[in-house]
Amino acid sequence: QKEVEQNSGPLSVPEGAIASLNCTYSDRGSQSFFWYRQYSGKSPELIMSIYSNGDKEDGRFTAQLNKASQYVSLLIRDSQPSDSATYLCAVLGFQKLVFGTGTRLLVSP
Amino acid sequence: DVKVTQSSRYLVKRTGEKVFLECVQDMDHENMFWYRQDPGLGLRLIYFSYDVKMKEKGDIPEGYSVSREKKERFSLILESASTNQTSMYLCASSPFGGNEQFFGPGTRLTVL
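For the protein sequence lines, the chains are A and B, in the order given. Numbered by our numbering, the letters in the first sequence go through residues 1 to 109 in order. Numbered by our numbering, the letters in the second sequence go through residues 1001 to 1112 in order.
Laid out in structure tokens, this is it:
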């Protein structure tokens, strides 16, 4: 079992819709969780961090964490074509971040 | 804003060459990291450092070494480049006690 799992996609949504990206992790003791956005050919950019159960909102982005289910998600409201990218979930393990392989999101005009 | 820079965006080397990849951050971060990213495998940690002259092996250190002589600079060294080291190399930094890592633009290395 991979430590951090994501569906590779692509996840296709129309412009204006809500995109829902999901991530599960295996280390029950993990306390810190991150979402990175990576455009093709570019490096990952941190967009959200979450440390407590529940929701955390930042603009059009909402991160959701459920430690009991070992599940973290990212919702993107009013999706735009510029949101088309690969989204990486990262979980803090012992001394290091463990990354998922990413979900590719395609937002069509 | 945190700024992490890497010495080259693209690099082409030949098998057996010694390769140096440089990373510099300007935010006085204690922690620095080197990753490689390959399709289907995601980001994999090569080495990291929590202080000057200190280094720790990550998940895939074989064939690599690192140097951190100054706080702001973390170098990745491929002692004898091989074709399976063709990859995107990403440097990142984070502050002491901080978990959020900030990435440089990456170096796409091709070994022929």
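For every residue, glycine included, the Cβ atom is placed at its ideal position computed from N, Cα and C.
List the DSSP bridge partners of residue i.
i                : result
L1011 of chain B : B:L1109
Y87 of chain A   : A:R37, A:T103
E1133 of chain B : Residue 1133 of chain B cannot be examined here, being either before or after the span of chain B that is shown, 1001 to 1112.
N66 of chain A   : A:Y71
A1092 of chain B : B:F1033, B:F1103
Y51 of chain A   : According to DSSP, which records beta bridges pairwise, Y51 of chain A is partnered with nothing at all.
L21 of chain A   : A:L74
L5 of chain A    : The sequence given here places Glu at residue 5 of chain A; Leu does not occur at that position. Bridge partners of E5 of chain A: A:T24.
Give the single residue among the options whose Cα lies nearest to the Cα of residue i.
i                : options                            : result
L1090 of chain B : B:R1068, B:L1076, B:W1034          : B:W1034
E1030 of chain B : B:G1098, B:R1014, B:V1111, B:G1058 : B:G1098
R1073 of chain B : B:E1022, B:D1059, B:T1110          : B:E1022
I18 of chain A   : A:L75, A:V4, A:I50, A:P109         : A:L75
Y51 of chain A   : A:N66, A:R37, A:S8, A:G59          : A:N66
S69 of chain A   : A:N7, A:V13, A:S30                 : A:S30
K943 of chain B  : B:G1106, B:M1027, B:N1084          : This structure leaves residue 943 of chain B out entirely; chain B is present only between 1001 and 1112.
E1017 of chain B : B:Y1064, B:Y1010, B:S1080, B:S1067 : B:S1080
R1036 of chain B : B:T1015, B:E1069, B:L1112, B:D1059 : B:D1059
Is the beta carbon of residue j closer than 7 Å to that of residue i?
i                : j                : result
L11 of chain A   : T101 of chain A  : no
T24 of chain A   : Y87 of chain A   : no
Q1025 of chain B : S1093 of chain B : yes
V98 of chain A   : S79 of chain A   : no
R21 of chain A   : E1100 of chain B : One detail in the question is off: residue 21 of chain A reads as Leu in this sequence, not Arg. Not a contact, by the Cβ cut-off of 7 Å.
V1019 of chain B : T1110 of chain B : no
A90 of chain A   : R37 of chain A   : no
I1046 of chain B : P1061 of chain B : yes
D1051 of chain B : S1087 of chain B : no
K1057 of chain B : S1049 of chain B : no
S32 of chain A   : L92 of chain A   : yes
S82 of chain A   : P1105 of chain B : no
F1102 of chain B : V1004 of chain B : yes
If I follow the unbroken beta strand (DSSP E) through residue i, where does it start and stop?
i                : result
P14 of chain A   : 11-14
E1022 of chain B : 1019-1025
D58 of chain A   : 54-58
Y1064 of chain B : 1064-1070
L1078 of chain B : 1073-1078
Q1006 of chain B : 1004-1006
- Query: Looking at chain B, which residues of the region 74-105 of chain A have a Cβ within less than 9 Å of any of its Cβ atoms?
  - Reply: Result list: L88, A90, L92, Q95, K96, L97, V98, F99, G100, T101, G102.
Which of the residues in the region 2-13 of chain A, read from start to end, lie with their CB under 7 Å from any CB of chain B? Of all residues in the region 2-13 of chain A, none has a Cβ within less than 7 Å of some Cβ in chain B.
Which of the residues in the region 1088-1107 of chain B, read from start to end, lie with their CB under 8 Å from any CB of chain A?
-> For the region 1088-1107 of chain B, which is checked against every Cβ of chain A, the residues closer than 8 Å are L1090, N1099, E1100, Q1101, F1102, F1103, G1104, P1105, G1106.
key: Short-range partners of chain B found in the region 47-65 of chain A, where Cβ spacing is below 7 Å   = Against chain B - using a Cβ distance shorter than 7 Å - the residues of the region 47-65 of chain A are S49.
Fill in: Positions along the region 12-32 of chain A whose CB lies within less than 7 Å of some CB in chain B
In summary, the residues of the region 12-32 of chain A whose CB is separated from some CB of chain B by less than 7 Å are S32, in the order they occur in the chain.
Item checked: Positions along the region 1063-1076 of chain B whose CB lies within less than 7 Å of some CB in chain A -> Residues passing the 7 Å Cβ filter: none.
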